[in-house]
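For the record, the sequence lines run as chains A and B.
Under this note's numbering, think of the first position of the first sequence as 116, with each following residue one higher.
Under this note's numbering, think of the first position of the second sequence as -3, with each following residue one higher.
Even for Gly, the Cβ is constructed at its ideal location relative to N, Cα and C.
Note that the coordinates shown come from a computational prediction; the quantities given were computed from them, not determined experimentally.
Have a look at the structure below, then the notes.
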Amino acid sequence: MPFAHLVGIFPRSEKVVELSRAVDRGRASPEELAAAIAEDERRVIALQQEAGLDYITDGQLRWHDLLRPLATGIPGMYPGGIVRWFDNNTFYRHPVITGPLEPTGEAILRVLNLPALAGIRWKAIVPSPYALVELSENRSGRAARQVLDDAAAVLRAEAQALEAAGCAYIQFSDPALVTLADREDVARARDALAKVTDGLRVRTALHTFFGDAGPVFEELVKFPVDEIGLDLYATSLDDVRAEAAGKTVLVGALDGRNSLIEDVDTLVEQAVRLRERLGPADVALVPNCDLEFLPWDVAAAKTRRLGEAAQVLRTAVA
Amino acid sequence: MELFPTQEIGSLAKPAWLVKATRGQKPSAADLAEIDRWAERLGIEGTAELKALLAAERPDRERIRDWAALFAIRLQEAAGLDVVYDGEARRIEMYEYPVRRIAGFHFYGHVRSFDNKYYRKAAVVDRVRLTEPFHLDELRYVKSVARRLVKIPVSGPYTLADWSFNEYYLKHVDASVRDLSARAYEAKRAFALDLAREVLHPTLHALAEAGADWIQVDEPAATTHPEEVPILVEAFNAAADGVRAKISIHICYSNYRALYPAILQMRVDHLALEFKNTDDYDVVQIFKEHGDRRELGLGVLDVHSDVIETPEEIRDKLLGAAAVLGAEKIWANPDCGLRTRTWDVAFAKLQNLVLGARLAREAVARKG
């Protein structure tokens, strides 16, 4: 049965934006800001529940970027300078790896609002080990292969901790795989992810975005996860030559980088086209990427629309 | 003009007294001392009027901005630059300033730039239309006081489109185009071309008629999406069509290799690019490989560092590029606007830019 959920960081509200600035100028306390973020996390959770989404996130509102919780929480790396985040007018701090990475299993849990997620079927979103390494700078003197192994061990500890904390679904985000990788990289990325997911009982997904997944889709379906995600604003379905090979496919048809609220028909049509073309085990309607590129109100409206489209799609499929 | 002419690229930091006046605040004693210090350094007289303006109950902000522009112009002239402007003293920044003067846009709220930094991003919700010509008054003022050749920077159509949400044009893509990525491309093209034809084209013509000898079109987003470089070129040509002025393009923090070969079709006289940030001056070779004979503004000052580049280092970069493309094609400039540097740092960098260009000239002359 088709389902739907969010795949990345939700934007911060206007109130949090104002409070962030006030903290910078010494006019509000960090505690006031933290309280406002926690309140927004509860609002994002409620928004997804009301929209009927199947897995719920806390919006990752404490995350400055996809890599930051690991860059700040894992011994052996730290957040470095500001670097452009792919083809966006947005930036991230690229992690600098200075030595062996030490698995802790605490970095992601530290930035989740677990009390607000209690009793809910929730999902966690983390970078894939390949993305973590590819988007970092290796100053450790260790070989690239060793660093990738380190990253896999780090993420395995995080995934196990998430599973133990009640997480129902772990998404590994990887924009690098469809923008920077060559074929050899894809094989290395798959092997690294296998070290993370081996033995996990939660549902797992690899979500790709910002790049054309068509040329590597045949390889992506061999990754050791239950679901594969595509960004349909960067991937032309007409150019995807392989089939889904029993995987569920995340249909990234809701544009996280444009404010136009899609029609339900447009979203459903894309899911139907993908089902016809790739023959997946199932489909999930999702945004193509994080919604953090949008203002809060627009992201909220898109989340509601995603739920409406998923409902129509379920009826159509049934 | 002599070999290796020098130019500024865009914005300078706004003095504290200007920022405070814009916010309705009074200047501090330290701000007033800065006025005196720079006035003396740059040979500016009559600052009593500026101080009176700043102290007024209802300050004349336009006159205060005139003063800010004058200080920026004199700073560049005192550094010895051949081509100057006003450091964009009147503009908030390069996106919001023009977008506020174009009908068809709507601001929803803030989006994140990084960490806790945010900016306001507009959505195009209707067909774009120029509501008021912009930059004309500032050009007239600069022309009235500048003692050097003037170059006016203008935000380019592709970057304005790329930095905006696109609603109107996406709604109007032919329904037969079903692929989402193809729809997004078509919508981007229509948006950028409308900005070029309906907004930039009349603006550039108006500036040329008002006496602009040289217009710099800023396109920092040029290679953000390499597959869209043809849109960049098509929009640029539409904007600049028939404009009777020297036209240059400024691009920074981009993959210049992605520009070729499409940019060969761009009808532009001069490309001013950032190089110092990456120190990848080998990129100059791509001009030669593609037979590109246009002028090249070589970025030799890092605008994100307080380290003052030495004249000798600047000379060597200029001579290196000249060896590949010919000295008569090479201009010297910062990578981008120096607005993130203090005026002291910016001034020192620009002074060395001028000295470095002089050393390069002398080296060429010695070779005969």
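Between the options, which has its C-alpha nearest residue i's C-alpha?
i, options, result
"residue 8 (chain B)", "B:60, B:80 and B:363", "B:80"
"residue 177 (chain B)", "A:302, A:286, A:325 and A:274", "A:325"
"residue 347 (chain B)", "B:35, B:322, B:296 and B:364", "B:296"
"residue 256 (chain B)", "B:193, B:287 and B:237", "B:287"
"residue 399 (chain A)", "A:193, A:426, A:355 and A:231", "A:426"
"residue 326 (chain B)", "B:291, B:363, B:17 and B:244", "B:291"
"residue 195 (chain A)", "A:254, A:143, A:204 and A:166", "A:254"
"residue 81 (chain A)", "A:180, A:408 and A:360", "Chain A is shown from 116 up to 433; residue 81 (chain A) falls before or after that span and cannot be answered."
"residue 318 (chain B)", "B:334, B:304, B:344 and B:284", "B:284"
"residue 14 (chain B)", "B:98, B:68 and B:72", "B:68"
"residue 169 (chain B)", "B:5, B:186, B:240 and B:90", "B:186"
"residue 229 (chain A)", "A:341, A:173 and A:352", "A:173"
"residue 210 (chain B)", "B:147, B:32 and B:307", "B:147"
"residue 437 (chain A)", "A:317, A:244, A:300 and A:132", "What the structure shows of chain A is the stretch from 116 to 433, and residue 437 (chain A) is not part of that stretch, so it cannot be assessed."
"residue 266 (chain B)", "B:301, B:24 and B:324", "B:324"
"residue 383 (chain A)", "A:233, A:128 and A:424", "A:424"
"residue 214 (chain B)", "B:174, B:278, B:302 and B:89", "B:89"
"residue 10 (chain B)", "B:361, B:87, B:302 and B:345", "B:87"
"residue 257 (chain A)", "A:153, A:281 and A:215", "A:215"
In the DSSP assignment, what are the bridge partners of residue i?
i, result
"residue 327 (chain B)", "B:293"
"residue 210 (chain B)", "B:147 and B:242"
"residue 242 (chain A)", "A:288"
"residue 118 (chain B)", "B:103"
"residue 345 (chain B)", "In the DSSP output, where bridge partners are listed per residue, residue 345 (chain B) has none listed."
"residue 296 (chain A)", "The partner list for residue 296 (chain A) (beta bridge, DSSP) is empty, contrary to what the question assumes."
"residue 113 (chain B)", "B:110"
"residue 192 (chain A)", "A:212"
"residue 206 (chain A)", "A:199"
"residue 247 (chain B)", "B:269"
"residue 321 (chain A)", "A:287 and A:343"
Residues of chain A with a CB under 8 Å from the CB of residue i: which are they?
i, result
"residue 178 (chain B)", "351"
"residue 159 (chain B)", "204"
"residue 166 (chain B)", "373 and 375"
"residue 162 (chain B)", "373 and 375"
Using a C-beta to C-beta distance shorter than 7 Å, which residues of chain B count as neighbours of residue i?
i, result
"residue 325 (chain A)", "The contacting residues do not exist; residue 325 (chain A) stays about 10 Å from chain B at best."
"residue 197 (chain A)", "110"
"residue 132 (chain A)", "106 and 114"
If contacts are defined as beta-carbon pairs under 8 Å, then residue i and residue j qualify, I think. What distance do you get, rounded to the angstrom?
i, j, result
"residue 62 (chain B)", "residue 137 (chain B)", "6 Å"
"residue 219 (chain A)", "residue 188 (chain A)", "7 Å"
"residue 238 (chain A)", "residue 120 (chain A)", "6 Å"
"residue 149 (chain B)", "residue 212 (chain B)", "5 Å"
"residue 246 (chain A)", "residue 291 (chain A)", "5 Å"
"residue 126 (chain B)", "residue 98 (chain B)", "6 Å"
"residue 248 (chain A)", "residue 262 (chain A)", "5 Å"
"residue 163 (chain B)", "residue 121 (chain B)", "5 Å"
"residue 27 (chain B)", "residue 16 (chain B)", "7 Å"
Note down, in chain order, every chain A residue with its Cβ under 7 Å from the Cβ of residue i.
i, result
"residue 105 (chain B)", "129, 410, 411 and 412"
"residue 220 (chain B)", "202"
"residue 119 (chain B)", "374"
So which residues of chain A does residue i contact, with C-beta pairs closer than 9 Å?
i, result
"residue 251 (chain B)", "Simply none; closest approach about 11 Å."
Going by the C-beta, is residue i closer than 7 Å to any heavy atom of the ligand FAD?
i, result
"residue 173 (chain B)", "Although the ligand FAD was asked about, the structure shown includes no ligands whatsoever."
Would you mind telling me which residues of chain B sit closer than 9 Å to residue i, beta carbon to beta carbon, in chain order?
i, result
"residue 293 (chain A)", "Per Cβ cutoff of 9 Å: no residues; residue 293 (chain A) is ~12 Å from chain B at best."
"residue 277 (chain A)", "Correct list: empty, because the minimum Cβ distance to chain B is about 25 Å."
"residue 179 (chain A)", "108, 110, 111 and 112"
"residue 347 (chain A)", "175, 176 and 177"
"residue 126 (chain A)", "105, 106, 107 and 108"
"residue 407 (chain A)", "107 and 108"
List, in order along the chain, the chain B residues whose C-beta lies closer than 8 Å to that of residue i?
i, result
"residue 368 (chain A)", "176"
"residue 135 (chain A)", "112 and 114"
"residue 139 (chain A)", "112"
"residue 162 (chain A)", "Per Cβ cutoff of 8 Å: no residues; residue 162 (chain A) is ~16 Å from chain B at best."
"residue 207 (chain A)", "110"
Query raised in the report: Do the region 248 to 263 of chain B and the region 219 to 233 of chain B meet, that is, are 3 or more Cβ pairs less than 8 Å apart?
Result: yes
Report task. Would you be able to state if there are at least three C-beta pairs under 8 Å between the region 43 to 54 of chain B and the region 116 to 124 of chain B? Result -> no
Query raised in the report: Counting Cβ pairs closer than 8 Å, one from the region 357 to 364 of chain B and one from the region 336 to 343 of chain B, do we hit at least three?
Result: no
Query raised in the report: Is there contact here, the region 269 to 287 of chain B with the region 223 to 237 of chain B, by at least three beta-carbon pairs under 8 Å?
Result: no
**Report entry** At least 3 beta-carbon pairs within less than 8 Å: the region 372 to 380 of chain A vs the region 416 to 426 of chain A
**Finding:** yes
Report task. Determine, using beta-carbon pairs with one atom in the region 309 to 322 of chain A and one in the region 270 to 282 of chain A, whether at least three such pairs fall under 8 Å. Result -> yes
Report task. Determine, using beta-carbon pairs with one atom in the region 121 to 131 of chain A and one in the region 160 to 173 of chain A, whether at least three such pairs fall under 8 Å. Result -> yes
Requested in this report: Please determine if the region 182 to 192 of chain B and the region 381 to 397 of chain A are in contact, where contact requires at least 3 C-beta pairs separated by less than 8 Å.
Outcome: no
Query raised in the report: Hey, is the region 324 to 339 of chain A in contact with the region 356 to 366 of chain A, meaning 3+ C-beta pairs nearer than 8 Å?
Result: yes
Report task. Check whether the region 201 to 213 of chain A touches the region 174 to 186 of chain A, counting contact only when three or more Cβ pairs, one atom from each stretch, lie closer than 8 Å. Result -> yes
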